[in-house]
Every structure is written in structure tokens, then in C-alpha cells.
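The next block holds one structure in the form of C-alpha cells; read it before the comments.
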Amino acid sequence: MFGFTRVKKTAAVVAATAAAAATALLGAPSAMAAPQPIVGGTTTTTTAYPFMMQITDASQSQFCGGTLVSPTKVVTAAHCMVGETTSSVRVVGGRTYRNGTNGTVSRVSKIWIHPSYSDVTNGDDVAVLTLSTSMPYTTAKYVSSSQTGVYAAGTTARILGWGTTSSGGSSSNQLRTATVPITSDSTCASAYGSDFVQSDMVCAGSTSGGTDTCQGDSGGPLLIGGVLAGITSWGEGCADADYPGIYTRLTTFSSLVTAQVTS
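Taking the working numbering, the leading residue of the sequence shown gets 5, the next gets one more, and so forth.
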């Protein structure tokens, strides 16, 4: 991951982000981390992961990922939606390739961003989109507020996205996936210091590095046992052994998400 939140990028931002990556895209640990594609993974399809959504601009250029949790609701990262409006965003389902034309394209009728989200702390990094068009795809279950045990260190988690395959590199045209182990809170705190907020965030990544989310993967899912347990949020660089990826700890926000999903 880069030093900033795996932040959303419009076409212009993507170019700027690639250039910034040379100097530390997601910012320093005290800064925020920018969004990223899967590093060290393998290609997959939306047939295998039908709940995986592309979040795009009005011209259908993908900049973030999202997870379909009901036919008309998508969970993503707050930082992906900052500055966006319902007219500037589209959600695309059933499209394995970024340059594809298949699948279902929906406009967005409502954008809910956690009211406490801050790009200074990267905390509360969760948003819910309400779609104008119902998606005909299998939805993902997500954790409840009581399922805090899912984040036990060493637990295998799955990540997905169309992000870059190396820090500052090119985005993947085809959806990619990889598995990473959940990192202990103490290890994550050692890496990121006070920038790691245990109540809001969870880390995942190998001690040897090499596998991670990266620019363009922001907002996508961290799946544990096939259930949505986290949202790709931020990190320092991509696939760095010293800096695991940071994901929104969804158990903390599950009740708020449910309130949006059922509204």
C-alpha cells in the first residue's frame, strides 16, 4: 500500500498518484495511505466473486472497489467518496475486466459517508452507496458487531481488486485476488505507531511482504471465511514487509452499516 489511504483516484488523480508514488504515494505513516491494486495475487473473475463491484466515474473509469451487501447497497471506503456526488459516480457489477462493457451499470441515488471520517487520521473509513438499479448478483454477508474474534492474528483473509500490481505501477485490467494473514494489533501498532487506531483498523500482510492491496484497490473487501470483515483503507507503500495493509475494522461499524442497508 502507499503511504496514503488506498484513496480513490479519478483519471487525473491516478496519474498524480503514480508520480507521487515515487516519493511515497500513500504518504508517510503519519500522512494517509492511498488506494492500490493487488500485489502478488492471481487473476480471478466476478463469476467467482459476484459481489465484487467496480466503483467508477461517470465515464465508467474504475477508481475504487466495493462490496454488494444487498441488491441496492454497496459498502466501500469513505475516502473513495470524498468529493463525489450521486451524479459523478457509477457502480458496475458483473464486469471482470476494467475495460469491459458487460455487466450491470447503476447510478447512485445516495452516498452515506461516516460522519466522523477524517483524511487526517484515516479513521471511520466506511461508506455505503445506495444504487438506483438493483444488482442481479449474489450478495456478500458481513460481520456483526459481536464477531470481533474473526481478527485473530494469523487468520487467513482474502483481498480483491483491480489496483496496481506494484507500488506506483499499472492497474490490473482483470480482477485479481490474494490471501494475506491477519496481523496482530501489537505488530501493526509497532509499524504505524499512533496512526494505527485499533478500534477502527485491522492489519493484514505477511511478515515477508510481497502480497498486498495497492493503489486502486481502496474500498474493496477483506474477506474472512467468505464474509466481509474489512474494507481496503490505507497503508505505507505496497507489499512492504515492514508495513502491512490497513483495513477498516468492520465489526466496529457493522450496526451503522446495517442502518444504512435497511434504510
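Where a beta carbon is used, it is the ideal one built from N, C-alpha and C, also for glycine.
| Asked | Found |
| --- | --- |
| Please look up how many angstroms separate the CB atoms of T80 and V112, rounded, as I've assumed it's under 8 Å. | About 11 Å; that fails the 8 Å criterion. |
| Leaving out the 5 sequence neighbours to the left and right, which residues in its chain are closer than 6 Å to F1 when beta-carbon positions are compared? | An answer regarding residue 1 cannot be provided, because it is not within the stretch 5 to 267 covered by the chain. |
| Apart from the five residues just before and just after G214, which ones in its own chain have a Cβ nearer than 6 Å to its Cβ? | G44 and A243 |
| By how many angstroms is the C-alpha of D123 removed from the C-alpha of L30? | Reliability of the predicted coordinates at L30 is poor, the pLDDT of 32 falling under 50, and no value is obtained from them. |
| Is P3 buried or exposed, if buried means 16 or more other CB atoms sit within 10 Å of its CB? | The structure shown does not extend to residue 3, since the chain is modelled only from 5 through 267, so no value can be given for it. |
| Indicate the three-state DSSP secondary structure (helix, strand or coil) for C84 in the structure shown. | helix |
| With DSSP as the reference, label T191 as helix, strand or coil. | helix |
| Would the beta-carbon of T143 fall within 8 Å of that of V73? | yes |
| Any chance you could list the alpha helix (DSSP H) runs of at least 4 consecutive residues sitting entirely within the segment 156-203, in chain order? | 189-196 |
| Helix or strand or just coil, what does DSSP make of Q297? | Because the chain is modelled from 5 through 267, residue 297 falls outside the range shown and cannot be assessed. |
| Could you give the DSSP three-state label for Q264: helix, strand or coil? | helix |
| Are A233 and V132 touching if we call contact CB-CB under 8 Å? | no |
| Please go through the same chain and pick out, in chain order, the residues whose beta-carbon is closer than 7 Å to the beta-carbon of A208, but skip the five residues on each side of it. | A161, V184, P185, I186, T187, L226, P248, G249 and Y251 |
| So, under 8 Å CB-CB, V78 and V95 are touching, yes? Tell me the CB distance rounded to an integer number of Å. | 6 Å |
| Which same chain residues, not among the five before or five after G153, have their C-beta less than 7 Å away from its C-beta? | none |
| So, is T169 buried or exposed, given that buried needs 16 or more other C-beta atoms within 10 angstroms? | buried |
| Give me the Cα-Cα distance between T159 and I228, rounded to the nearest whole angstrom. | 8 Å |
| First and last residue of the beta strand (DSSP E) that includes R111? | T108 to I117 |
| To the nearest angstrom, how far is it from the Cα of S267 to the Cα of T137? | 16 Å |
| So, is T236 buried or exposed, given that buried needs 16 or more other C-beta atoms within 10 angstroms? | buried |
| Which residue or residues does DSSP assign as beta-bridge partners of D216? | V43 |
| Pull up the DSSP beta-bridge partners for M139, would you. | DSSP, once it has assigned bridges, lists no residue as partnering M139. |
| Mapping the DSSP letters down to three states, classify F55 as helix, strand or coil. | coil |
| What I want to know is whether the C-beta of L260 ends up closer than 7 Å to one or more non-hydrogen atoms of the ligand SAM. | The ligand SAM is not among the ligands present in this structure, which contains no ligands whatsoever. |
| Tell me, to the nearest whole angstrom, how far the beta carbon of T47 is from that of A182; I am working on the premise that it is less than 8 Å. | About 11 Å separates the two Cβ atoms, so there is no contact after all. |
| Between R99 and the rest of its own chain, which residues show a CB-CB distance below 7 Å, the 5 nearest in sequence each way excluded? | T50, Q58, N106 and G107 |
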